[in-house]
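Participant: Before I ask anything, let me first share the structure, which is written out below as structure tokens.
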Amino acid sequence: MIFGGIILVLVILAGFKTEEAKTGQVDALRNKSETLLGSNKKHDDDLEALIAGLQGGKQLEKIYWPQALLSVKVRGTLQKAVYGVKERDRLQNEKGQIISGLSIDGRKLANLEHYGFACYWDNLVCLWDKSGTRMDEFLGPHSSLDQATFSPDRSKLLIVNSTVNPGGWVNWDSSVVRLWDLKTNLPLTKFKGHQSQVWRVSFSPDGNKIAIAGNKGISLWDAEGNQIPEFKSVQGRVTDVVFSPDSSKLASVIDSTKAKGFNNVHFWDLKGQPVGQLPGELLANKVVFSPDDGTQLAATGPYGTNDFGTVSLWNMSDLSVAATILKGPHGDITFSQDGSFLVGSGEDGVARAWNLSGEQKFELKGHQTWASGVIISRDGKQLATTGVDNTVSLWDLNDKEAATFVDKDKPYRETFNMIFSPDSSLVATRGTSYEYDPNNNSPDQHPEIGRDNAISLWDLRGNKLGEIPINSGNQSRGNITISHDNQQVAVIEDKEFGKEEIVARIWNWKNKQKLEYPEPQGWSLIGVGFSDGSSLLVTYDKSHTVHLLDLESNKVTEIKDPQKNVLSVKLTPDGSKIVTVGDEGISLWDLHGKELAHFKITPDVENYYRNLIFSRDDSLVAINNKDGVSVRNQEGEEVAQFKSVTAMDFSSDHDGILLATNGGLPNSVRLWDLATQEQVAEFSTVASFAVRFSPDGKFLFTAGNSIPTLWKVESLNELMQRGCDWIRDYLARKPIDDSNKHLCD
Numbered sequence: 043m044i045f046g047g048i049i050l051v052l053v054i055l056a057g058f059k060t061e062e063a064k065t066g067q068v069d070a071l072r073n074k075s076e077t078l079l080g081s082n083k084k085h086d087d088d089l090e091a092l093i094a095g096l097q098g099g100k101q102l103e104k105i106y107w108p109q110a111l112l113s114v115k116v117r118g119t120l121q122k123a124v125y126g127v128k129e130r131d132r133l134q135n136e137k138g139q140i141i142s143g144l145s146i147d148g149r150k151l152a153n154l155e156h157y158g159f160a161c162y163w164d165n166l167v168c169l170w171d172k173s174g175t176r177m178d179e180f181l182g183p184h185s186s187l188d189q190a191t192f193s194p195d196r197s198k199l200l201i202v203n204s205t206v207n208p209g210g211w212v213n214w215d216s217s218v219v220r221l222w223d224l225k226t227n228l229p230l231t232k233f234k235g236h237q238s239q240v241w242r243v244s245f246s247p248d249g250n251k252i253a254i255a256g257n258k259g260i261s262l263w264d265a266e267g268n269q270i271p272e273f274k275s276v277q278g279r280v281t282d283v284v285f286s287p288d289s290s291k292l293a294s295v296i297d298s299t300k301a302k303g304f305n306n307v308h309f310w311d312l313k314g315q316p317v318g319q320l321p322g323e324l325l326a327n328k329v330v331f332s333p334d335d336g337t338q339l340a341a342t343g344p345y346g347t348n349d350f351g352t353v354s355l356w357n358m359s360d361l362s363v364a365a366t367i368l369k370g371p372h373g374d375i376t377f378s379q380d381g382s383f384l385v386g387s388g389e390d391g392v393a394r395a396w397n398l399s400g401e402q403k404f405e406l407k408g409h410q411t412w413a414s415g416v417i418i419s420r421d422g423k424q425l426a427t428t429g430v431d432n433t434v435s436l437w438d439l440n441d442k443e444a445a446t447f448v449d450k451d452k453p454y455r456e457t458f459n460m461i462f463s464p465d466s467s468l469v470a471t472r473g474t475s476y477e478y479d480p481n482n483n484s485p486d487q488h489p490e491i492g493r494d495n496a497i498s499l500w501d502l503r504g505n506k507l508g509e510i511p512i513n514s515g516n517q518s519r520g521n522i523t524i525s526h527d528n529q530q531v532a533v534i535e536d537k538e539f540g541k542e543e544i545v546a547r548i549w550n551w552k553n554k555q556k557l558e559y560p561e562p563q564g565w566s567l568i569g570v571g572f573s574d575g576s577s578l579l580v581t582y583d584k585s586h587t588v589h590l591l592d593l594e595s596n597k598v599t600e601i602k603d604p605q606k607n608v609l610s611v612k613l614t615p616d617g618s619k620i621v622t623v624g625d626e627g628i629s630l631w632d633l634h635g636k637e638l639a640h641f642k643i644t645p646d647v648e649n650y651y652r653n654l655i656f657s658r659d660d661s662l663v664a665i666n667n668k669d670g671v672s673v674r675n676q677e678g679e680e681v682a683q684f685k686s687v688t689a690m691d692f693s694s695d696h697d698g699i700l701l702a703t704n705g706g707l708p709n710s711v712r713l714w715d716l717a718t719q720e721q722v723a724e725f726s727t728v729a730s731f732a733v734r735f736s737p738d739g740k741f742l743f744t745a746g747n748s749i750p751t752l753w754k755v756e757s758l759n760e761l762m763q764r765g766c767d768w769i770r771d772y773l774a775r776k777p778i779d780d781s782n783k784h785l786c787d
């Protein structure tokens, strides 16, 4: 019996040691992911950080009784990795240099592959799909590839190569231009008549013409390879040529070595007649038109000049400088498909994006050495960068948000209030539109446009369903609330714009019908709430009494407790409960006058009135003051504290109670697990001074000076699934090691 007991104890001890070892392994993987995500990360650390985070989550599943703190930390690290990684995939070719990027539809890649030591002798143009599978190959031995360009409809590939003599020397003056059919993999035509080196070939956007620039100028050809004789050949060495979006003119770069300090960007019509040039002394290496209407042109400074590392943005209407961007690329540059920003490749292996004011939007570290090319997919969601390190990196330009809420007619709006419908299917936002000047670097100082205040109704995909005009943009007015049937929206606003008198209005937002309830004499309107299918008007008078008026039955319920001496009153954000602050603490009431909870907290009326929120089960209250957020229980005891916070909300999900705050880090909203006070999520957003969980706890809404955004609140299992969906292709082609080949199976 004793022996059996000893065996049992040993087994239990062994089990504890095994669990302890597993816990240490999980923590080590989590720390590895955090380190790779740190400020000193290298170009390829993002994908490795995500893999380490997924490994930690996988190992956590093998622990029978994982510590709550460890689970929360793993969730937080994995969320940071999943939401922080931009690189989607990486295609590596160990035998050659990739020289051309993603085709415009995001399906095909072209690259150059060398064989053997004498790389100029045997090289091919290989066509790859984005999973890294080689589809086709072109050219053959004794050719040196110069460039490869897809036609606008992606059905053809234009290839420029130079011949290689038996001694291994490249004959640069013998450029050959061929057009290949990507369906048959056969050459369609060879462009004859070239006696010199070709620097650039360009398709017209309509696919009907091809411009060839080289040492002897520019020539124009049709898509069948026939030279267009009416085009007067542009003379001199031309190193770049590109069509305008309407295919009506060309922009060219005259050889900078012969420009002698003067601007070398010229414009031509399709007969070869000059139609203008950029003024000043800025030299260029590459030019590109904005894709929408060609109203702007971007030019990069050439290597070896004072303008190297600079991108200039020009207005085509008057040929004036719109912006100058420093730290620009020398390799390649392109506009986003909507023309709202520029992306360029750099000599440091970093691709950077700028808005049209010259402000950097983001940077992508994907190459060990020079990044030689960059291109954006047609839908604007993917970006590919190529480098001389023989890699193509595929990047996802989408943030990880569930939806964004942008009114196309009023895209620049400060949103200072929002609310979910009780069933979490709708969102109502309230804000003020602003004028936007892309050359003004302080958008928060833009003037208002005619006090354009409104309540907008949206579904959770970001589709605008309707709008209710209101008279006041004053955010101190009562909350927006939505009825239980999603048909009505209540708000407090000015009776007339600019007047002191305020009213409560209930709108049927679909047909714009409204009911109006003026502020009673000597009373203060607090808000309008919905309860059990009824509409209730909440007011507060000088006798420290809260009045609840049922707007259908006209029945009045009073909330008055002389012992608490009500000093201030507000509605909860969803309009379903009333908060009173008194001498003896804070009370929470339902809309029938029943006290739900009381918190024994000595009030600081100003702070409590403006920044106070309750947990979903009414057991906790978060109070925002000058020091941050203090979370208290009903006895007034502090259970958690968070610094530098100006907006907050509670949620309860299956993993516990979460608190969302918008402070602590610049341009971020963070989610905290209250039991451990550990961060479990972080969302990148700008100037969000309002945060709100959906009633079902599945989403978080952020708003302010930034675009209103909906984020998914994900459990550890959901983050594991999202991370695996992101990296599955990369793992399938290049597993870390044998033990992780099936990490995401």
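Here our numbering = 1-based position in the sequence shown + 42. Even for Gly, the Cβ is constructed at its ideal location relative to N, Cα and C.
Would you call the CB atoms of residue 407 and residue 391 closer than 9 angstroms?
Facilitator: For residue 407 and residue 391, yes; Cβs fall inside 9 angstroms.
Participant: In whole angstroms, what is the alpha-carbon distance linking residue 547 and residue 525?
Facilitator: In a straight line, the C-alpha of residue 547 is about 13 angstroms away from that of residue 525.
Participant: Is residue 631 buried or exposed, if buried means 16 or more other CB atoms sit within 10 Å of its CB?
Facilitator: Buried, since its Cβ has 16 or more Cβ neighbours within 10 Å.
Participant: For the beta strand (DSSP E) containing residue 319, list its first residue and its last residue.
Facilitator: Taken as a continuous stretch (DSSP letters only), the beta strand (DSSP E) holding residue 319 covers 316 to 319.
Participant: How far does the beta strand (DSSP E) with residue 405 in it extend, from its first residue to its last?
Facilitator: From DSSP, the beta strand (DSSP E) with residue 405 extends over 402 to 407.
Participant: So residue 262 and residue 312 are in contact, right, with Cβ under 8 angstroms, and what is the actual spacing, rounded?
Facilitator: Indeed they touch by this definition, with Cβ atoms about 7 angstroms apart.
Participant: For residue 551, does the three-state DSSP call read helix, strand or coil?
Facilitator: Three-state result, residue 551: coil.
Participant: Assign residue 228 to buried or exposed, taking buried as 16 or more other Cβ atoms, counted over all protein chains shown, within 10 Å of its Cβ.
Facilitator: Looking at its Cβ environment, which holds fewer than 16 other Cβ atoms inside 10 Å, residue 228 is exposed.
Participant: Which of the three DSSP states is assigned to residue 264 in this structure?
Facilitator: Three-state result, residue 264: strand.
Participant: Taking residue 113 as part of the alpha helix (DSSP H), name the residues at either end of that continuous run.
Facilitator: Here the alpha helix (DSSP H) through residue 113 covers 110 to 126.
Participant: For the structure I just gave you, are there three or more beta carbon pairs, one from the stretch 724 to 742 and one from the stretch 454 to 467, closer than 8 angstroms?
Facilitator: Short answer: they touch.
Participant: Could you tell me the alpha carbon to alpha carbon distance between residue 462 and residue 508, rounded to whole angstroms?
Facilitator: Distance between the alpha carbons of residue 462 and residue 508: 15 angstroms.
Participant: With 16 other CB atoms within 10 Å as the buried threshold, where does residue 772 fall?
Facilitator: By the 10 Å Cβ count, residue 772 comes out buried.
Participant: Nearest to residue 215 by alpha carbon, out of 469, 223, 226 and 240?
Facilitator: Considering only alpha carbons, the answer is 240.
Participant: Considering only residues of the same chain and omitting the five flanking positions on each side of residue 102, which have a CB-CB separation below 8 angstroms?
Facilitator: Result list for residue 102: 68, 108, 112, 113, 116 and 758, in chain order.
Participant: If you run the structure through DSSP and keep just helix, strand and coil, what is residue 772?
Facilitator: If DSSP states are grouped into helix, strand and coil, residue 772 belongs with the helices.
Participant: With DSSP collapsed to three states, give me the class of residue 358.
Facilitator: Coil, per DSSP.
Participant: What residues match up with residue 582 in a beta bridge as DSSP calls it?
Facilitator: Per DSSP, 566 and 588.
Participant: Mind the definition here: the stretch 323 to 331 touches the stretch 261 to 280 only if three or more C-beta pairs lie below 8 angstroms; say whether that holds.
Facilitator: The stretch 323 to 331, when compared against the stretch 261 to 280, does not touch it at the 8 angstroms Cβ threshold.
Participant: Measuring alpha carbon to alpha carbon, tell me which residue in 582, 703 and 419 is nearest residue 438.
Facilitator: Comparing Cα positions, the closest option is 419.
Participant: Would you grab the beta carbon distance between residue 322 and residue 309 for me? Rounded to a whole angstrom, and I think it's under 8 angstroms.
Facilitator: Not really, about 15 angstroms apart at Cβ, beyond 8 angstroms.
Participant: Going by DSSP, name the residue or residues bridged to residue 690.
Facilitator: DSSP lists 703 as partners of residue 690.
Participant: Roughly how many whole angstroms lie between the Cα atoms of residue 702 and residue 512?
Facilitator: Straight-line Cα distance between these residues: approximately 29 angstroms.
Participant: Beta-carbon separation of residue 536 and residue 615 under 9 angstroms?
Facilitator: No; because the gap between Cβ atoms is not below 9 angstroms, this pair is not in contact.
Participant: Give every residue of the same chain whose Cβ lies closer than 6 angstroms to the Cβ of residue 557, excluding the five residues on either side of it in the sequence, and list them in chain order.
Facilitator: The residues are 548.
Participant: Pull the bridge partners of residue 732 from the DSSP assignment, please.
Facilitator: DSSP lists 745 as partners of residue 732.
Participant: So which of 294, 622 and 642 has the shortest CA-CA distance to residue 275?
Facilitator: Nearest option by C-alpha distance: 294.
Participant: Could you name the residues that DSSP lists as bridge partners for residue 72?
Facilitator: Note: residue 72 sits in no beta bridge, so no partner.
Participant: Who are the near neighbours of residue 74 in its chain, counting only those whose CB is closer than 6 angstroms to its CB and skipping five residues on each side?
Facilitator: Result list for residue 74: 94, in chain order.
Participant: I'd like the ranges of any beta strand (DSSP E) spanning at least 3 consecutive residues and lying wholly in the stretch 612 to 692.
Facilitator: Counting whole runs of 3 or more residues, the stretch 612 to 692 contains the beta strand (DSSP E) stretches 619 to 624, 627 to 632, 637 to 641, 654 to 656, 662 to 667, 670 to 675 and 680 to 684.
Participant: State the Cα-Cα distance for the pair residue 544 and residue 555, rounded to the nearest angstrom.
Facilitator: Taking the straight line joining both Cα atoms gives about 19 angstroms.
Participant: Use the C-beta contact count for residue 155: other C-beta atoms within 10 angstroms, 16 or more gives buried, fewer gives exposed.
Facilitator: Low confidence applies to residue 155: its pLDDT is 49, below 50, so where it sits in the model is not reliable enough to give any reading.
Participant: How many angstroms separate the CA atom of residue 722 from the CA atom of residue 715?
Facilitator: So the alpha carbons of these two residues sit roughly 6 angstroms apart.
Participant: To which residues does DSSP link residue 461 through a beta bridge?
Facilitator: Residue 461 pairs with 470.
Participant: Taking Cβ to Cβ, would you say residue 366 is nearer than 9 angstroms to residue 347?
Facilitator: Cβ atoms of residue 366 and residue 347: not closer than 9 angstroms.
Participant: Is residue 752 near residue 447, with beta carbons less than 9 angstroms apart?
Facilitator: Contact flag set, yes.
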